[in-house]
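Protein chains in written order, with the numbering used here: chain A, 8 to 215; chain B, 16 to 263; chain C, 436 to 903. Beta carbons: idealized from backbone N, C-alpha and C, even for Gly. As C-alpha cells, the structure follows; a few thoughts come after it.
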Amino acid sequence: MEKKTDSREAILARIRRNTQRVYERPDLSALEQAAIHYDDRVEQFRKVMHQMGGRAVLVQPGDDLNELIRQQYPDARRVASALDRVEVCGREQALTCPTFHPDSVACSRDLDGTDLAIVRGSWGVCENGAVWIAADVEQRAVYFIAEALAIVLDRNCLVDNMHEAYRRIDTGAYGFGVFISGPSKTADIEQALVFGAHGAADVTVFLV
Amino acid sequence: MSVGLFIPCYVNAVFPQVGVAAYKLLTFLGQDVVCPEGQTCCGQPMANAGFEDGAVQAAQHFESLFAGCDYVVGPSASCVAFVRGHYGDLLARGGREHFCAAEGRVYDICEYLHDVVRPESLPSIFPHKVSLQNSCHGVRLLHLSSPSERNVPYYNKLRDLLSLVRGCEVVEPERRDECCGFGGMFAVEEHAVSGRMGRDKVRRHMATGAEYITGADSSCLMHQNGIIAREKWPIKTIHIVEILAAGL
Amino acid sequence: MSTKHSVAAGRFLKGDRAVWHDETLWMVRAKRDAMSHSLPEWEQLRDAAAAIKNYSNSHLADLLEEFERNATAAGVHVHWASDAEEFCATVADILEAHGAKHLVKSKSMLAEECGLTPYLEARGIEAAETDLGERILQLMHQRPSHIVLPAIHLRKEEIGDLFRREGMHVDPGNNDQTYLTHAARRDWRHKFLEADAAMTGCNFAVAETGECVVCTNEGNAEMGTSQPKLQITAFGLEKVVPDRRSLGVFTRLLARSATGQPVTTYTAHYRKPRPGGELHFIIVDNGRTDILASPDHVKMLNCLRCGACMNTCPVYRRSGGHSYTYFIPGPVGINLGMLKDPARYSDNVSACSLCHSCQDVCPAKIDLAEQIYKWRQVLDGYGVASAAKKHLSQALEWVIDHPHLFGAAVRNAHLVNSLPHWLMYNRLNEWGKEHDMMHFPHESFSEMWKRGKVMPARTNKENDGEKD
Chain A
8 MEKKTDSREA ILARIRRNTQ RVYERPDLSA LEQAAIHYDD RVEQFRKVMH QMGGRAVLVQ
68 PGDDLNELIR QQYPDARRVA SALDRVEVCG REQALTCPTF HPDSVACSRD LDGTDLAIVR
128 GSWGVCENGA VWIAADVEQR AVYFIAEALA IVLDRNCLVD NMHEAYRRID TGAYGFGVFI
188 SGPSKTADIE QALVFGAHGA ADVTVFLV
Chain B
16 MSVGLFIPCY VNAVFPQVGV AAYKLLTFLG QDVVCPEGQT CCGQPMANAG FEDGAVQAAQ
76 HFESLFAGCD YVVGPSASCV AFVRGHYGDL LARGGREHFC AAEGRVYDIC EYLHDVVRPE
136 SLPSIFPHKV SLQNSCHGVR LLHLSSPSER NVPYYNKLRD LLSLVRGCEV VEPERRDECC
196 GFGGMFAVEE HAVSGRMGRD KVRRHMATGA EYITGADSSC LMHQNGIIAR EKWPIKTIHI
256 VEILAAGL
Chain C
436 MSTKHSVAAG RFLKGDRAVW HDETLWMVRA KRDAMSHSLP EWEQLRDAAA AIKNYSNSHL
496 ADLLEEFERN ATAAGVHVHW ASDAEEFCAT VADILEAHGA KHLVKSKSML AEECGLTPYL
556 EARGIEAAET DLGERILQLM HQRPSHIVLP AIHLRKEEIG DLFRREGMHV DPGNNDQTYL
616 THAARRDWRH KFLEADAAMT GCNFAVAETG ECVVCTNEGN AEMGTSQPKL QITAFGLEKV
676 VPDRRSLGVF TRLLARSATG QPVTTYTAHY RKPRPGGELH FIIVDNGRTD ILASPDHVKM
736 LNCLRCGACM NTCPVYRRSG GHSYTYFIPG PVGINLGMLK DPARYSDNVS ACSLCHSCQD
796 VCPAKIDLAE QIYKWRQVLD GYGVASAAKK HLSQALEWVI DHPHLFGAAV RNAHLVNSLP
856 HWLMYNRLNE WGKEHDMMHF PHESFSEMWK RGKVMPARTN KENDGEKD
C-alpha cells in the first residue's frame with residue numbers, strides 16, 4: 008500500500024517538475040454557438056439513425072406503442088423492460104409487451120437469451136443518432152446483451168449536437184450512462200461492415 | 016525593386032530550361048531580376064535526411080547572396096518552403112538573423128506571381144491537357160492549393176495561373192494531393208515504397224488523359240520522370256513556368 | 436542504406452495484399468474526409484481539441500488530483516502506476532485479491548504497451564480479448580497492424596480457417612464476413628458470461644466528474660463490464676480532460692477521424708461501481724512524464740489514438756503495419772516509438788516522405804511530420820544514422836561549402852549520360868532500382884547565365900509599345 012502512495016507522489020512530482028509551457032484554458036463558447044444545427048430535428052434524427060444502421064419510428068397520437076413494438080419485433084419472446092408506463096404524445100400508456108423486469112434475474116448472465124430490451128432514452132443527438140441512456144436498473148447488461156433494443160425517447164428531447172447533449176446528460180443513481188447510436192457493429196474482417204458484433208444487432212428508437 | 020532569382024541545385028543541373036523560363040516570365044512581367052552567381056543547394060536534402068547541421072553553411076551562403084534583394088523568388092515550392100521554414104533556426108545557430116524569411120521575402124514563383132505580381136493576362140499558348148502535380152510542400156507548407164484533408168474552400172493557385180494560358184486544359188488526378196513519393200533521401204532510403212508511390216501517382220495522372228504532368232516542384236517531376244522513362248509510359252512532365260512562359 | 440522498415444516494406448509490396456491495403460485504407464480516409472466536410476465547424480473543432488489538450492497536458496497534476504478526488508468520492512478505487520511493471524502488478528494484485536482467473540478485456544493500447552496479457556498469463560490468469568479483431572489476433576499469436584483496425588492485414592479465409600481450427604461452429608468453406616462475425620458473437624458469448632473480471636482502456640478520464648469514458652463500436656467493453664462485478668479501467672495519464680464540456684469536442688472528432696462514422700456506437704461513462712461490485716481506475720505514467728519535459732515532442736500527448744494519421748499516410752498504406760518495429764505503426768507510432776526508446780525504434784524514422792498530410796488530418800493537431808524531421812536530426816547522436824546516408828549528405832555538404840566545386844560538379848554532371856547503364860545504376864543503386872537515371876543537359880543554368888545565354892523576355896510594356 009505504501010508503494011502505491013509513493014508512486015502517486017512521485018508521478019505528481021514528475022508532472023510538476025517536467026511541465027514546461029503552460030497553456031490557458033480555451034473558451035469553447037464560439038465553437039458551441041457555431042456548431043451544426045438542424046431546422047427539422049425529427050427528420051434529421053430519422054435520417055442519421057438510418058445511416059447508423061438503426062431506425063427511428065415517429066409514434067403518432069393514438070398509436071399503441073405495444074402494437075408498434077410487436078410489429079417491429081414479432082418474434083421476440085423474452086422481452087425485458089423496467090418501464091411499465093410510457094407517455095405517448097401526451098397520453099400515458101401501459102407498457103404490456105415486456106415479459107420480465109431486468110432486475111428480476113438472479114445474476115446478470117441470466118439475461119443472456121433476451122430477445123428484446125425496451126429502455127428509456129433521455130436525449131437524442133441529431134448529428135449522430137446517439138441516444139443517452141442513464142442506467143435505471145441494477146443489471147446494466149440489459150442495454151447490451153439483448154438481441155434487439157427498443158429505445159423510447161421523447162421527441163422533444165432531441166438536441167442538435169454533442170455540445171448540447173453534454174450540457175444535459177447525467178449518469179444517475181447507478182453512476183453509469185451510455186450514448187448508443189444504432190446497432191453494435193464491426194468491420195474487423197476485411198473492412199466489411201457487419202451489424203451485431205457483441206451488443207444489440209438491431210436498434211429502433213420510438214420517438215414518442 | 017529587385018527580385019533575386021533563386022535557382023535550386025537540381026534546376027541548375029538537370030532542368031536549366033526551368034530557370035530560363037522563370038527568368039523570361041519574371042522579366043516579361045516587368046520585374047527587375049538579378050541572378051546571383053555561385054548559388055548552391057539550399058541544404059534541404061541533408062536536413063530532411065537528418066543532417067541539418069550540414070545545411071547551416073548553405074543558409075549562410077544563401078543569405079549573403081541574396082542580401083540586397085527585395086524579393087527572392089525560386090521555381091521550386093519545396094526549396095522555398097525549406098528556406099522559409101528552417102533558415103531562421105539554422106542561421107540563429109550561426110549567430111545570424113534570417114533577413115530573407117523574416118521579412119517575408121522568399122517566394123515560390125507561383126505564389127509570387129499569384130499573390131504579388133497578379134498578372135491579368137499572359138500571351139502564352141499551350142494547347143495541351145495537363146494534370147496538376149499538387150506537391151506536398153507546395154500544398155501543405157506554402158498553401159498553393161487547398162489540402163484535400165482540410166475543410167476549407169477549394170482553391171488552387173497553379174490552376175488560376177494556368178487559366179491565363181491559351182489552349183491549356185487543366186485537370187487534377189484522383190487523390191489530388193497524395194504524395195508522389197519523392198521526399199529527397201526518402202526516395203533512396205525507402206526506394207520500394209517511394210517507387211510504388213511514384214508509379215501510383217503517374218498512373219493516376221495518366222488516367223486523366225493528360226499529355227503532361229505539371230507542377231511547381233521540379234523534384235517531384237524529376238522523380239516521376241525517372242519512373243515514366245523506366246516504364247516507358249506515354250506521358251511527359253513539364254514545370255509550370257515552362258507553360259506560363261510558352262511563347263514568350 | 437536500408438532500415439528494417441524499408442526492407443520489410445519492400446517485402447510487403449512484393450506480396451499480393453499491398454494494393455488492397457492501400458485502397459482499403461484510402462477508402463477509410465475518404466470516409467473521414469466526407470465526415471469532416473459535413474461539419475462546417477470542423478477546423479474550429481480541431482483547434483478546440485488541440486487547445487483543450489494543450490491546456491490539460493500542462494495542468495495534469497491538478498486535473499488528475501481532481502479526477503481522483505471525484506472518483507474516490509463515488510466509491511471508485513484509484514491506483515497510480517509509475518511504469519509498466521507496476522501497472523501489470525497492480526492489475527494482477529486486484530485480480531488475485533478477488534481470486535479472479537478469467538479476465539475479459541477490451542482493446543487497450545496501454546495494456547499492449549505494458550505487456551499486460553503475457554504478464555497475467557505468467558501469473559495464471561487468462562486475459563481474453565473481446566474486440567473481434569483483437570481476439571482473432573490473440574488466437575493467431577499475432578500483433579495488431581493498425582491501432583483501430585487491428586486485423587486489417589488478414590484475409591477472411593485465414594479468419595475462417597482459424598475459427599474452424601478453434602472448433603467454432605463454422606461451416607467449411609464459408610468465409611463470409613457477416614457469417615464469421617455472427618459465429619464469433621455466438622461462440623464467444625460464454626467468455627463474457629463466465630468472466631471473473633472485466634478490464635477496459637479509456638478514451639477520456641473526466642476530472643470534473645471522476646468518470647472514465649470508453650468508446651467502442653462492438654459493445655464488447657460494455658458487455659464485459661456489465662457481467663462480472665469487478666471492473667478495472669486503466670489509462671495513460673494524458674487521457675485526463677477537464678470536464679464533460681470538453682467531451683462535446685472530442686466525441687465529435689474521434690469516430691469521424693478514425694473510421695468516418697459520426698460517432699462510435701457506444702460511448703460509455705463509468706462513474707460508480709455496480710451495486711455490490713468494485714470499480715478500479717489505474718492511472719499510468721510509463722514514460723509520459725518524460726515526454727512532458729520535451730518541448731519538441733510534448734504534443735504527442737495530445738494523441739486520441741484515432742489512427743487517422745495512419746490511414747492518410749502514403750507510406751503506411753503501402754507498407755503495412757507489421758513493417759514497423761514499434762507496436763504502434765504509422766506517423767504516430769514512429770514518434771511514440773522514438774519517445775519510448777530511440778536507439779531501439781529508430782528503424783521507423785525512414786518511413787516518412789515528409790508530406791505533412793498526417794498533420795492535416797490529426798484531430799488534435801499534432802505536428803507529427805515536424806517531429807519526425809526533428810528525430811532525424813538526432814539519429815546520428817544515437818549512433819543509428821545510416822552510414823551511407825551520412826556519407827552522401829557529407830559529400831553534398833562539402834560540395835555546398837565549396838561553391839566553385841559545386842559548379843565543377845554540375846559541369847561534369849552531363850558525363851553521367853555517357854556512363855554505362857550498369858555502372859550508373861550501381862553508383863546510385865537505390866535510385867536506379869525504381870527510376871531511369873535523369874538526363875543531365877550539357878549546360879547547366881549557371882553556365883548558360885555566365886555565357887549570356889539566358890535572355891530576358893520583351894516586357895509587357897515593350898510589347899504594348901510595338902502595338903502602338
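- With its beta carbon less than 9 Å from one in chain B, Thr438/C belongs to the interface.
- Considering only beta carbons, the part of the region 511-525 of chain C lying closer than 7 Å to chain A consists of His514, Trp515, Ala516, Ser517 and Glu521, in chain order.
- In the pairwise beta carbon analysis, the region 193-212 of chain B is classified as touching the region 864-871 of chain C: at least three pairs are separated by under 8 Å.
- For Gly568/C, the closest of Ala194/A, Asp161/A and Ser88/A by C-alpha to C-alpha distance is Ala194/A.
- Boundaries for Leu179/B: no alpha helix (DSSP H) harbours it, and the DSSP string shows neither H nor E there.
- Against chain C, a Cβ distance below 8 Å from Ser191/A picks out Asn652, Glu653, Gly654, Thr700 and Tyr701.
- In this structure, Pro777/C is the residue among Pro798/C, Pro777/C and His514/C with its C-alpha nearest to the C-alpha of Arg811/C.
- Per the C-alpha coordinates, the member of Val126/A, Val49/A and Arg21/A positioned closest to His108/A is Val126/A.
- In terms of beta-carbon proximity, Ser17/B stays away from the interface with chain C, with every pair separated by 9 Å or more.
- With the criterion set as a beta carbon lying under 9 Å from some beta carbon of chain C, the members of the region 200-213 of chain B are Met200, Phe201, Ala202, Val203, Glu204, Glu205, His206, Ala207, Val208, Ser209, Gly210, Arg211, Met212 and Gly213, in sequence order.
- DSSP places Lys885/C in the uninterrupted alpha helix (DSSP H) bounded by Phe880 to Lys885.
- Here the region 771-789 of chain C makes no contact with the region 531-539 of chain C; the two share fewer than three CB pairs at distances below 8 Å.
- Spatial neighbours of Met237/B in its own chain (CB-CB distance under 7 Å, excluding positions within 5 residues in sequence) are listed in chain order as Tyr25 and Val29.
- Across the structure, Pro891/C and Leu40/B are spaced so that their CA atoms are roughly 8 Å apart.
- Going by beta carbons, Val733/C and Leu727/C fall inside the 9 Å limit.
- For the C-beta of Pro475/C, the chain A residues within less than 8 Å are, from N- to C-terminus, Ala41 and Ile43.
- Distances from the CA of Ala157/A to each of Ser14/A, Gln78/A and Arg23/A were compared; the closest alpha carbon is that of Gln78/A.
- Residue state for Ala244/B is assigned as helix, using DSSP reduced to three classes.
- The DSSP-derived three-state label of Ala703/C is strand.
- Counting of Cβ neighbours within 10 angstroms places Lys885/C among the exposed residues, the total staying below 16.
- Under the Cβ distance rule, Trp623/C counts among the residues neighbouring chain A, one pair being separated by less than 9 Å.
- For Leu173/B, no CB of chain C lies under 9 Å from its own CB, so it is not counted at the interface with that chain.
- Using a CB distance below 7 Å, the part of the region 20-33 of chain A facing chain C consists of Arg21, Ile22, Arg23, Asn25, Thr26, Gln27, Arg28, Val29, Tyr30, Glu31, Arg32 and Pro33, ordered along the chain.
- Residue Leu474/C holds the alpha-carbon nearest to the alpha-carbon of Ile43/A among Ala690/C, Ala469/C and Leu474/C.
- The Cβ atoms of Glu547/C and Phe716/C do not sit closer than 9 Å to each other.
- Sixteen is the threshold: since fewer than 16 other Cβ atoms of the shown chains lie within 10 Å of the Cβ of Pro249/B, the residue is exposed.
- The Cβ-Cβ distance between Gly182/A and Ala142/A falls below 9 Å.
- When rounded, the separation of the alpha-carbon atoms in Gln51/A and Val641/C is 30 Å.
- With a threshold of 16 other beta carbon atoms within 10 Å, Gly128/A meets it and is buried.
- Within 10 angstroms of the beta-carbon of Gly109/B lie fewer than 16 other beta-carbons, which makes it exposed.
- For Phe716/C, DSSP records a beta bridge to Val513/C and Thr668/C.
- Judged by beta-carbon spacing, Asp815/C lies within the 9 Å limit of Phe66/B, meaning their Cβ atoms are closer than that value.
- Bridge partners of Lys144/B according to DSSP: Glu184/B.
- Distance from the Cα of Tyr102/B is smallest, within the candidate group Ser93/B, His113/B and Ala92/B, for His113/B.
- Secondary-structure assignment with DSSP links Ser692/C through no beta bridge to anything.
- Here the region 654-673 of chain C does not lie against the region 452-463 of chain C, with fewer than 3 beta-carbon pairs under 8 Å apart.
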